[in-house]
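**Q**
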Amino acid sequence: MNSFTISDAPGNRLPQIDPPQSLEKIQSQIAALTAANASLAIKVDSHDALVANLAAQNQAISKKFDVLREENISLVLKLETVFNACREFSGALHTGMKELNLRD
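Spelled out as structure tokens, the structure:
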């Protein structure tokens with residue numbers, strides 16, 4: 001392989017440059033690059049579809065979490081109601097016990 005060096009100034013040497021290649025070799029390289037580009041395009045399309053699928057799944061999960069959050073809030077409110085009723089019952093029971101003790 002014949003290589004030559006170009007110098008832009010005395011003492012400065014640029015990288016070696018290969019002589020021109022044959023047209024067939026260049027066409028072969030273009031075909032290989034075109035095939036590689038097509039393969040990458042398919043991979044990008046596949047990746048885009050995967051990302052879209054994951055985004056849809058993420059949105060569905062987010063909606064489920066919203067539903068669970070609402071159910072959780074509802075359960076907390078119900079528990080608060082039960083707790084308050086128990087506290088009132090306990091207070092009434094305590095008052096009733098005091099009244100019974102005072103009557104004896």
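At the far end of the sequence shown sits residue 104, using the UniProt record's numbering, and the numbering has no gaps. Note that beta-carbon positions come from the ideal geometry of N, C-alpha and C, so glycine has one too.
1) Just the Cα atoms here: how many angstroms apart are residue 55 and residue 24?
2) With a threshold of 6 Å on Cβ separation, who are the neighbours of residue 1 within its own chain once the five nearest residues in sequence on each side are excluded?
3) Ordered along the chain, which non-local residues of its own chain (more than five positions away) have a Cβ less than 7 Å from that of residue 69?
4) Does DSSP put residue 29 in a helix, in a strand, or in coil?
5) Please report the straight-line C-alpha distance between residue 87 and residue 95, rounded to a whole angstrom.
**A** This is what the structure holds:
1) Counting from one through the sequence shown, the residue named residue 55 turns up at place 55. Counting from one through the sequence shown, the residue named residue 24 turns up at place 24. Straight-line Cα distance between these residues: approximately 46 Å.
2) In the sequence shown, counting from the first residue as 1, residue 1 sits at position 1. In this prediction, residue 1 has a pLDDT of 46, which is less than 50 and means its spatial position is unreliable; nothing more can be read from the coordinates.
3) Position 69 of the sequence shown, counted from the first residue, corresponds to residue 69. The answer is none, since no qualifying residue turns up.
4) The count along the sequence shown starts at 1 and reaches residue 29 at position 29. In the structure shown, residue 29 sits in a helix (DSSP, three-state: H, G or I).
5) Along the sequence shown, one-based indexing puts residue 87 at 87. Along the sequence shown, one-based indexing puts residue 95 at 95. Approximately 12 Å, taken between the alpha carbons.
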